[in-house]
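Taking it in order: structure first as structure tokens, then the write-up.
Protein chains: 4
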Amino acid sequence: MNHSNEQQSNKLSGAEVAKHNSRESCWVIVHGRVYDVTEFMPEHPGGSKIILKYAGKDATEEFEPIHPPDTLEKYLAKDKHLGQVDMSTVEREEKEDDPEEKARQNRIKHMPILEQCYNLMDFEAVARRVMKKTAWAYYSSGADDEITMRENHSAYHKIWFRPRVLVDVEKVDFSTTMLGTKVDIPFYVTATALGKLGNPEGEVILTRGARKHNVIQMIPTLASCSFDEIVDAAEDGQVQWLQLYVNKNRDITKKIVQHAEERGCKGLFITVDAPQLGRREKDMRSKFSDTGSNVQNTGGDNVDRSQGAARAISSFIDPSLSWKDIPWFLSITKMPILLKGVQRVEDVLRAIECGLQGVVLSNHGGRQLDFARSGIEVLAEVMPVLRERGWENRIEMYVDGGVRRATDIIKALCLGAKGVGIGRPFLFAMSAYGLPGVDRAMQLLKDEMEMNMRLIGCSRVDQLNPTLVDTSGLSLHATTVPSDTLGLGVYDPLVSPQEMVRAKL
Amino acid sequence: MNHSNEQQSNKLSGAEVAKHNSRESCWVIVHGRVYDVTEFMPEHPGGSKIILKYAGKDATEEFEPIHPPDTLEKYLAKDKHLGQVDMSTVEREEKEDDPEEKARQNRIKHMPILEQCYNLMDFEAVARRVMKKTAWAYYSSGADDEITMRENHSAYHKIWFRPRVLVDVEKVDFSTTMLGTKVDIPFYVTATALGKLGNPEGEVILTRGARKHNVIQMIPTLASCSFDEIVDAAEDGQVQWLQLYVNKNRDITKKIVQHAEERGCKGLFITVDAPQLGRREKDMRSKFSDTGSNVQNTGGDNVDRSQGAARAISSFIDPSLSWKDIPWFLSITKMPILLKGVQRVEDVLRAIECGLQGVVLSNHGGRQLDFARSGIEVLAEVMPVLRERGWENRIEMYVDGGVRRATDIIKALCLGAKGVGIGRPFLFAMSAYGLPGVDRAMQLLKDEMEMNMRLIGCSRVDQLNPTLVDTSGLSLHATTVPSDTLGLGVYDPLVSPQEMVRAKL
Amino acid sequence: MNHSNEQQSNKLSGAEVAKHNSRESCWVIVHGRVYDVTEFMPEHPGGSKIILKYAGKDATEEFEPIHPPDTLEKYLAKDKHLGQVDMSTVEREEKEDDPEEKARQNRIKHMPILEQCYNLMDFEAVARRVMKKTAWAYYSSGADDEITMRENHSAYHKIWFRPRVLVDVEKVDFSTTMLGTKVDIPFYVTATALGKLGNPEGEVILTRGARKHNVIQMIPTLASCSFDEIVDAAEDGQVQWLQLYVNKNRDITKKIVQHAEERGCKGLFITVDAPQLGRREKDMRSKFSDTGSNVQNTGGDNVDRSQGAARAISSFIDPSLSWKDIPWFLSITKMPILLKGVQRVEDVLRAIECGLQGVVLSNHGGRQLDFARSGIEVLAEVMPVLRERGWENRIEMYVDGGVRRATDIIKALCLGAKGVGIGRPFLFAMSAYGLPGVDRAMQLLKDEMEMNMRLIGCSRVDQLNPTLVDTSGLSLHATTVPSDTLGLGVYDPLVSPQEMVRAKL
Amino acid sequence: MNHSNEQQSNKLSGAEVAKHNSRESCWVIVHGRVYDVTEFMPEHPGGSKIILKYAGKDATEEFEPIHPPDTLEKYLAKDKHLGQVDMSTVEREEKEDDPEEKARQNRIKHMPILEQCYNLMDFEAVARRVMKKTAWAYYSSGADDEITMRENHSAYHKIWFRPRVLVDVEKVDFSTTMLGTKVDIPFYVTATALGKLGNPEGEVILTRGARKHNVIQMIPTLASCSFDEIVDAAEDGQVQWLQLYVNKNRDITKKIVQHAEERGCKGLFITVDAPQLGRREKDMRSKFSDTGSNVQNTGGDNVDRSQGAARAISSFIDPSLSWKDIPWFLSITKMPILLKGVQRVEDVLRAIECGLQGVVLSNHGGRQLDFARSGIEVLAEVMPVLRERGWENRIEMYVDGGVRRATDIIKALCLGAKGVGIGRPFLFAMSAYGLPGVDRAMQLLKDEMEMNMRLIGCSRVDQLNPTLVDTSGLSLHATTVPSDTLGLGVYDPLVSPQEMVRAKL
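Residue numbers (UniProt numbering), protein chains in the order written: chain A, 1 to 505; chain B, 1 to 505; chain C, 1 to 505; chain D, 1 to 505.
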């Protein structure tokens with residue numbers, strides 16, 4: 001029986017598909033079509049377990065948010081495309097009465113209205129309650145102990161203001177220019193993967209939000225929407241940048257870059273902090289509870305070495321990428337090229353020497369190397385060196401990671417950044433409230449920005465400068481002496497006045 | 001029908017007023033008079049929602065504490081004053097049986113007696129339990145994450161004493177002189193807005209408390225009582241100062257200043273840290289829960305941009321105020337002029353050069369720019385520079401924010417302050433216990449002051465000097481490395497000896 | 001009727017006494033005798049309320065622990081001693097069925113056995129559970145926010161070891177000499193007041209414990225036992241020191257000092273950190289709940305100014321004591337004289353210049369000036385200055401406050417102390433377990449001492465030196481930036497693996 | 001009656017043994033043989049109580065895990081070996097229905113499967129739940145307040161990365177060489193005592209795990225398995241080292257060392273941080289609750305002075321060991337000799353001068369001297385001094401304590417270590433999951449290592465160097481100012497948006 005001709009009119013039946021439900025022969029249905037993934041399974045970047053869960057069944061709902069539309073076309077050999085299935089004959093999975101999902105639906109019913117969100121943290125609080133657990137785990141997780149992920153915002157708390165008073169701040173203009181593009185406020189929407197996990201429409205919602213507030217969106221390589229969908233969602237003149245994972249096959253990379261340039265992208269951001277995609281244990285744990293409950297073997301040889309994933313990924317992301325590839329990039333595009341993920345001053349200097357237009361000081365949102373320093377800390381290390389050499393205008397500096405308040409943006413600009421990238425907060429706003437959420441999140445930042453520009457005593461961003469901040473504690477990575485457990489336990493803490501139980505009369 | 005003539009003898013009926021209960025036509029009753037606020041509503045600094053809640057009804061109770069008596073006279077056009085209403089015809093709002101309010105009344109019934117308050121924190125603890133939630137939120141809130149608000153007191157904890165021993169401290173005199181006025185103890189009651197939120201009598205209670213303990217009161221521009229009420233409450237010879245928000249209309253400002261001088265004010269404190277009034281999210285959230293529960297629209301276009309408030313406020317507070325306005329102030333009054341809200345040494349030097357008599361190092365109680373440094377930290381930055389120039393006696397330095405203990409006052413004086421301003425603690429004492437509360441709060445400070453002057457080994461405030469304190473950690477803004485969540489989770493903490501369950505005999 | 005003749009055989013009746021139960025006429029019974037305290041009441045250092053509680057009644061149980069036996073003899077005029085009462089006629093107070101006391105008795109029944117205490121903290125944990133609340137509050141409380149009280153131990157946690165290895169430590173000798181007296185271990189039992197609050201026998205238990213372990217006891221001026229009782233409890237050759245509060249009446253002081261010398265005391269420690277006894281709010285709160293529950297007046301004029309207490313105390317402790325009194329002390333005794341409570345290097349230098357034999361760097365256990373630095377921190381400030389001048393052997397340095405571990409003792413000795421004073425831990429051991437508790441506490445310290453001398457690589461205390469410790473963080477008084485409340489709230493912490501709910505078979 | 005002849009065929013009866021159940025005559029059964037321990041009891045390093053618990057009974061189960069197989073042969077005089085007992089006549093102890101044990105068995109039944117462990121902390125979390133309380137207490141406890149034990153891992157959190165980007169890291173090789181042996185990854189299994197407490201097979205499981213991952217195992221002197229059992233468990237060519245406690249009797253030591261050399265050990269690690277074995281209170285407390293519940297005497301003279309234990313141990317571990325013994329060690333073996341437990345730079349220099357091949361910077365896992373610094377901190381102190389002298393290649397530096405992540409290993413190597421020792425994590429993995437647990441733990445480290453080598457931008461361990469880390473905060477031992485209890489209590493924390501309770505329609 002040859003099922004490989006997709007044009008054939010005879011649809012497969014659900015019963016036929018259902019027979020192929022094992023590691024030996026594994027078919028799955030996606031969007032009404034059947035695919036034989038038996039051979040592909042061991043190479044699946046997400047592991048084979050999750051595929052086996054849907055062996056012989058309809059996997060569309062699980063597949064959809066985490067794969068761009070053209071995934072199967074690109075990565076599964078044509079002869080494994082077995083043609084259409086008659087969906088009316090496919091048994092509908094009786095959804096188990098999942099109490100966790102019921103609780104989530106209930107939380108959604110009572111979720112706070114949008115007006116109750118007063119800052120970017122609030123969207124995260126709501127998203128945590130209303131998102132699917134696995135989606136939340138994917139967005140919210142970081143590397144190892146998530147120290148760097150949290151440090152990213154915490155670092156801003158070590159920077160304090162030295163505001164000026166008695167400056168005319170009636171009119172405040174916080175617009176600026178990034179790589180030649182005029183924007184309303186000095187942030188851009190940075191690239192984040194798998195937007196459909198949070199919202200069925202995916203990254204195009206961010207495109208619309210960016211348009212509304214006149215800021216730039218950086219399009220991710222690993223988007224849920226295809227690149228063209230995201231570009232198509234932009235309006236005339238709306239500027240987008242491209243975030244690039246460099247493929248081992250440079251022809252593919254070249255095609256991606258040149259296509260982006262043709263479609264009008266105004267900047268190429270090469271990710272350099274991810275030669276291998278990070279382990280995120282919160283994410284792994286959430287997936288385990290999803291698929292692992294039928295695994296009972298604790299024997300040593302059943303240990304998943306994750307080598308499949310590592311190997312599979314290596315075709316998407318080339319771990320051999322190095323400084324000697326830079327000239328080639330400069331040769332294939334006229335877009336400004338920036339490095340995303342630089343983490344020390346030596347590499348910033350080298351980027352300048354290579355003739356690049358900028359760097360993003362970033363640790364990938366704390367998702368790659370734990371104990372990498374925050375972008376803002378690295379910025380404070382970098383700028384004095386650049387100024388000493390008179391190089392501060394030869395490059396545009398950006399930082400991302402941990403930005404949650406307009407004061408954070410102002411701190412970065414005081415220290416010399418051209419702008420900041422913001423990622424997760426918009427994902428959370430989008431996941432909880434869709435476009436209105438993104439809209440409000442951006443508006444809140446604008447409101448905060450106007451207020452805080454006034455309060456620091458500056459009416460334009462070019463007035464922001466290092467004398468307005470105190471960063472003396474920024475590079476201190478202190479832990480305190482482990483707690484005096486017994487001492488704290490025996491200490492009888494002071495209390496406030498207690499309720500009066502008055503004598504009965 | 002023309003209601004604009006206030007002299008008319010025909011009173012309006014409650015039923016007539018009740019018809020105007022919508023955005024299209026909105027009348028409200030205040031103190032037995034009717035006002036048409038339909039057109040004014042969008043400009044209301046507090047937003048239109050809160051007005052709509054009282055459309056067609058008696059708003060007196062809500063209006064009273066947050067508007068000085070002459071507000072409507074001043075800000076609502078005369079033709080919108082529709083005359084008196086026959087209050088007997090106004091339907092009494094059946095107060096809903098609010099369980100939260102019932103719980104509060106119960107807490108009031110069992111509130112601690114005044115003698116149970118042993119320090120200034122205690123009044124705050126009681127006030128938190130017995131105040132209306134919205135009033136508490138207004139007083140207790142700060143900017144953004146309230147980091148600076150808390151840092152203000154926390155900063156004092158970074159200053160430690162180097163006390164002298166074997167000094168004769170039998171007689172301790174901690175009186176001092178502020179702008180030429182002799183006071184019993186080196187603090188003054190600083191300006192805080194909306195005193196009637198905490199106590200129906202408002203700021204005059206503070207006037208009486210200040211009198212009793214011979215300290216100076218600074219009268220706030222945004223008081224609930226009118227300026228003259230507060231001055232009238234003072235006794236002969238009692239000294240008051242004026243805190244000034246500068247109006248865009250300088251004629252109004254001039255009138256305020258010169259009126260204050262005529263009424264005997266002895267100092268003019270121009271607020272310079274509030275070109276725009278801060279966003280305080282705790283306050284916003286508390287108001288939302290008060291008025292927002294009938295809002296069901298989560299759409300993006302219903303987002304309240306708060307522009308109404310910003311615009312409205314800008315007539316009260318001029319964001320264009322700048323150094324070049326200072327000579328004009330010097331020309332319109334003979335009162336000493338001080339800047340309230342200076343936050344870095346450069347601006348202190350400039351104030352001296354402008355011929356001003358003093359500055360208050362302040363961040364507005366942490367209600368304006370979050371991550372502004374504490375006044376006491378700025379003081380430690382300022383004084384060495386002044387001393388180096390020999391300028392330390394050309395100006396009087398004050399600090400406010402976070403003062404809760406006599407030791408805090410002593411620390412400020414050791415570092416060079418002439419005195420400190422205390423605000424919230426007296427508001428909380430007043431809100432919980434009225435004048436006796438304020439009286440006890442001040443007395444507790446005096447008791448602590450006498451004790452601690454002895455213990456530091458000084459019998460007069462002019463003996464306080466920098467060698468008596470260790471400030472080496474003051475300017476360090478440290479956060480610790482984000483917590484080792486897993487490590488802390490698996491650590492099995494030491495415990496104290498457990499109860500013995502003896503063997504049965 | 002004249003009751004003043006104590007020799008009269010006619011005993012008073014309980015009924016007669018019971019009539020004098022008011023502020024106007026107030027009699028109390030102590031140890032079977034009646035006293036008229038009507039006039040004395042306002043001068044009572046502990047306030048009049050507590051006396052009124054026992055007006056017309058037997059106050060023995062309350063009086064006993066907090067007054068030395070000869071108090072009434074000394075401080076109440078003879079004509080107020082009204083003679084004996086026939087105790088059989090005195091109505092026994094029906095003890096209310098106090099649920100708190102019942103719970104305490106139950107805790108005592110199940111208290112851990114002594115062997116379960118493995119360190120000094122453990123005695124505090126037990127004492128907290130089994131002591132009377134007021135007694136616990138008196139012992140455990142400190143000044144203001146109790147910051148210094150806690151810092152005292154915490155400071156030791158900032159000192160880390162640089163131990164030597166491969167040193168022969170088979171035989172470890174940690175005995176030393178203090179003011180010429182050979183002791184087994186370099187600590188002494190420092191002076192603490194009111195020992196009978198914790199144990200009916202009072203300070204003599206400490207005398208016996210000190211004897212057993214061959215350490216010195218410092219006898220407190222404010223002991224529950226009389227001075228002579230404590231000296232009598234010592235065995236032949238057992239060394240004791242005297243802690244002295246200097247009385248305004250120097251004749252009294254002289255008598256005390258010379259009596260102590262005659263009785264064999266070998267050191268005079270003049271307390272210099274307490275010109276006024278500290279306010280301890282935990283103590284005040286505990287007393288309030290004991291006596292204040294019938295007070296319903298919250299009016300301002302009922303405020304207790306505590307002036308009575310301050311005035312009364314001033315006869316016991318002279319706040320005018322100063323450096324110029326030192327020569328007089330040197331003239332009245334041959335005992336070595338040391339200052340207890342010195343808190344900065346300048347005063348140590350002066351003490352040397354005055355010819356004194358030593359100082360105790362101390363802040364009175366954190367009970368006087370809050371934010372005074374710990375003794376151990378001051379020691380690290382003092383010794384380098386002394387060594388620079390070559391004065392390190394001209395004086396003996398002691399520290400007290402916060403010592404809980406032998407490692408603390410070793411740290412102090414490494415930094416230059418001759419020995420350390422330990423107070424509260426022995427009080428708690430005595431309160432929980434009596435003499436066996438004190439014995440075990442001291443033995444535990446000896447066991448720890450032997451172990452840790454070995455582990456730091458020293459076989460005698462004279463080998464302890466500054467290179468064995470790292471004190472670089474000792475003088476840093478850091479607080480962290482106020483917590484990122486919202487950020488911490490939204491962070492989803494990592495968790496350890498969860499229980500497996502295996503599929504049912 | 002003479003029972004000393006082991007060859008006799010007449011077995012003893014259980015009833016006969018049961019009579020000897022007191023301090024006066026105490027027999028115990030181990031592995032079917034009877035021993036008279038009456039005289040030995042007071043010398044038992046573990047105290048006499050635990051022996052008395054089994055007087056007249058079968059002690060095998062308790063004895064087994066904490067004594068090497070040849071213990072009784074070695075330490076009990078032959079005439080106390082009373083011969084075999086007829087086990088059928090020994091009364092089986094009715095195991096009490098211990099609710100704690102039942103709960104533990106239940107936790108074991110639901111323990112997470114091995115795949116749920118994603119990092120080394122996870123094994124500790126599982127082990128804590130499934131191990132016997134006393135075994136857990138022995139493994140997990142540290143000295144005094146366990147400050148150093150926790151600092152060991154915490155110290156790594158003060159070291160942050162300065163990663164390089166754009167380095168070709170396709171192939172990552174993290175193998176290295178230790179004392180000439182090629183290993184897969186730069187850690188070794190360090191020596192830890194009493195392996196059978198966690199797993200009935202004991203240390204041989206670690207031998208097998210080390211083999212599988214090609215790393216070195218250090219054999220502990222105090223293993224549960226005998227030395228030869230552990231060597232026998234190794235496969236051909238598998239390298240092991242010997243950890244040595246030096247016996248007072250140097251002949252015994254010589255025999256141990258030379259036997260190890262003959263059996264092929266490739267390194268001798270002399271423990272120098274334990275002249276006396278540490279007090280670990282968590283361990284003591286857990287043992288107390290096991291044996292102490294029938295003790296009711298709280299009298300002072302029943303205090304266990306622990307002198308028995310100290311004296312007994314002193315025959316195993318010689319506290320007089322010193323630098324002058326080193327030449328002797330060099331004379332008796334050709335194995336490289338290293339010192340384990342060096343804690344300051346001075347002693348590292350001396351070790352080099354003595355001609356030793358290496359040191360382990362270690363504080364014995366925080367089990368000996370509390371407030372000893374972490375090995376990694378000492379390493380940062382040592383290496384600059386060595387480099388200054390050009391001595392960095394004259395010795396191999398190792399660190400142990402607190403290593404939990406591959407990033408920790410990388411940090412140590414960046415700072416100059418040749419490798420790190422890991423102990424407890426493998427014990428916990430073994431205790432929870434046996435060999436598969438150890439296997440997975442090691443594999444996880446390898447996975448992390450590969451990933452993080454890539455992310456730091458190094459493809460071989462010899463590229464790791466100090467410029468890749470920021471250690472500026474490493475040597476800061478900070479505590480924060482004691483908490484502002486009242487202030488924190490009255491602060492009303494910010495909250496995230498609350499659930500919406502919508503108006504009913």
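Positions of the beta carbon are idealized from the N, C-alpha and C atoms, including for glycine.
So, residue i versus residue j, is the Cβ gap smaller than 8 Å?
i	j	result
Ala127 of chain A	Ala432 of chain A	yes
Pro65 of chain B	Leu197 of chain B	yes
Gly401 of chain B	Gly365 of chain B	yes
Val360 of chain A	Val385 of chain A	no
Along chain B, which residues have their Cβ under 7 Å away from the Cβ of residue i?
i	result
Gly341 of chain C	Val165
Which partner residues does residue i have in the DSSP bridge list?
i	result
Val342 of chain B	B:Leu361
His241 of chain C	The amino acid at residue 241 of chain C is misidentified as His; the sequence shows Trp. According to DSSP, Trp241 of chain C bridges with C:Met218.
Trp160 of chain C	C:Asp470
Applying a beta-carbon distance threshold of less than 7 Å, which residues of chain D neighbour residue i?
i	result
residue 574 of chain B	Any answer about residue 574 of chain B is impossible in this case: the structure gives chain B only from 1 up to 505.
Tell me the residue span of the alpha helix (DSSP H) that contains residue i.
i	result
Val30 of chain C	Element bounds for Val30 of chain C: not the alpha helix (DSSP H) but the beta strand (DSSP E), Trp27 to Val30.
Phe227 of chain C	Phe227 to Ala233
Where do the N-terminal and C-terminal ends of the beta strand (DSSP E) with residue i fall, by residue?
i	result
Phe269 of chain C	Leu268 to Thr271
Arg33 of chain A	Arg33 to Asp36
* **Any 3 or more C-beta pairs closer than 8 Å across the segment 386-396 of chain B and the segment 144-159 of chain B** => no
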